[in-house]
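What follows is one structure encoded as structure tokens, with my remarks underneath.
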Amino acid sequence: MKNIILFGLSFFILLTIEIKTINAADIELPNPSKKFQVDLGEALEQRKSAEKITNKEISLENLSTVLWAAIGINREDGRRTAPMAFNKDYIKIYVVMENAVYLYNPKKNLLKQIVEKNLKKNIANTKLAETAPVSILITADISEFPFYVKNNLRVMYAHANAGCVAQNIYLAAAALKLETRMIGYIKENDIIKELNLQKNEIPLYVMPLGYSG
Ligand SMILES: Cc1cc2nc3c(=O)[nH]c(=O)nc-3n(C[C@H](O)[C@H](O)[C@H](O)COP(=O)(O)O)c2cc1C
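In terms of the working numbering, the sequence shown opens at residue 1005 and continues consecutively.
Here you go:
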């Protein structure tokens, strides 16, 4: 009898945790589309940095596909579409939208709401981030590295890693006829303050995403 009560109690606790982690403000993404209309050569031909991005919305399916290309899981052991230094899960992707900022969870294919606020003007020194319907913010939690990795190397690996992620985003965007641009001139202090980032998590790049016209 005691065991049955304990089992029931644990089941209830697990259920409550699950309900708490997927709340109404979060966005469950549709499955990413892994078949593109263009091949890799064409995507490489078409990759470029956006000069202009309009406020035309992009579909959740396209967003899901770009996020999967960025750091999605492509193997059963949980490894990613982009290489990760020391095979650590330390690159974070936030999605900045009109009224909120979300953290991408690749395992659940979910956008978890972090802040309910329009931060489009607070993330990067470019008009593109203000006009685009969505901006992707890449950060790195450099505390995730093994203890023997020196601090300057942690930051260097983080930037190199973000470059791999960014190129995946560029190629997926090109294949989906979307526009993007990698922005290094970001509003680091605003991002840290508004997203309440811990000391070890450094904002790296912003990539506005949308249509050119
Ligand atoms: C690490 C990195 C940082 C960049 N930072 C900015 C930036 O702050 N602002 C900007 O407008 N473009 C930025 N860019 C985009 C470059 O300006 C762009 O790639 C370059 O002009 C070449 O154009 P293309 O990407 O169309 O070939 C950055 C690109 C890289 C790789």
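Glycine included, every Cβ here is placed at the ideal spot set by N, Cα and C. Remember, it's a predicted structure, so these values are computed and weren't measured experimentally.
Local Cβ density within 10 Å of residue i, reported as buried at 16 or more and exposed below that
{"i": "Gly-1214", "result": "buried"}
{"i": "Ser-1063", "result": "exposed"}
{"i": "Arg-1084", "result": "buried"}
{"i": "Lys-1203", "result": "exposed"}
{"i": "Pro-1036", "result": "buried"}
{"i": "Tyr-1161", "result": "buried"}
{"i": "Pro-1212", "result": "buried"}
6 angstroms Cβ shell around residue i - same chain, five flanking residues per side excluded
{"i": "Glu-1148", "result": "Lys-1092 and Tyr-1094"}
Residue i versus residue j: straight-line alpha-carbon distance, rounded
{"i": "Thr-1020", "j": "Ala-1028", "result": "Caution applies to Thr-1020, whose pLDDT of 49 falls short of 50 and renders its modelled position unreliable; the value that the coordinates give is listed next. Cα-Cα distance, rounded: 14 angstroms."}
{"i": "Asn-1193", "j": "Leu-1208", "result": "12 angstroms"}
{"i": "Tyr-1108", "j": "Ala-1074", "result": "10 angstroms"}
{"i": "Leu-1071", "j": "Tyr-1152", "result": "31 angstroms"}
{"i": "Ala-1133", "j": "Lys-1125", "result": "7 angstroms"}
{"i": "Ser-1053", "j": "Ser-1068", "result": "20 angstroms"}
{"i": "Gly-1045", "j": "Leu-1175", "result": "10 angstroms"}
{"i": "Arg-1185", "j": "Ser-1139", "result": "10 angstroms"}
{"i": "Lys-1096", "j": "Val-1119", "result": "15 angstroms"}
Supposed contact pair residue j and residue i - C-beta distance, whole angstroms, cut 8 angstroms
{"i": "Asp-1145", "j": "Glu-1198", "result": "Not a contact, Cβ separation roughly 17 angstroms."}
{"i": "Ala-1178", "j": "Gln-1041", "result": "The Cβ separation is near 11 angstroms, so there is no contact."}
Same chain, Cβ closer than 7 angstroms to residue i, five either side skipped, listed in chain order
{"i": "Glu-1022", "result": "With a pLDDT of only 47 at Glu-1022, under 50, the local geometry of the prediction cannot be trusted, and the value read off the model is given with reservation. There are no such residues."}
{"i": "Lys-1056", "result": "Ser-1216"}
{"i": "Glu-1061", "result": "Pro-1137"}
{"i": "Asn-1078", "result": "Arg-1084 and Thr-1085"}
{"i": "Ala-1123", "result": "The displayed chain sequence assigns Leu, not Ala, to residue 1123. Answer for Leu-1123: Val-1100, Val-1105 and Glu-1198, listed in chain order."}
Simplified DSSP assignment, three categories, for residue i
{"i": "Gly-1076", "result": "coil"}
{"i": "Thr-1058", "result": "coil"}
{"i": "Lys-1125", "result": "helix"}
{"i": "Asn-1109", "result": "strand"}
{"i": "Leu-1175", "result": "helix"}
{"i": "Gln-1041", "result": "coil"}
{"i": "Gly-1214", "result": "strand"}
{"i": "Arg-1084", "result": "strand"}
{"i": "Val-1159", "result": "helix"}
{"i": "Glu-1183", "result": "strand"}
{"i": "Glu-1205", "result": "strand"}
{"i": "Ala-1166", "result": "helix"}
Cβ shell of residue i (< 8 angstroms), same chain only, five flanking positions each side left out
{"i": "Leu-1201", "result": "Thr-1143, Ile-1195 and Pro-1207"}
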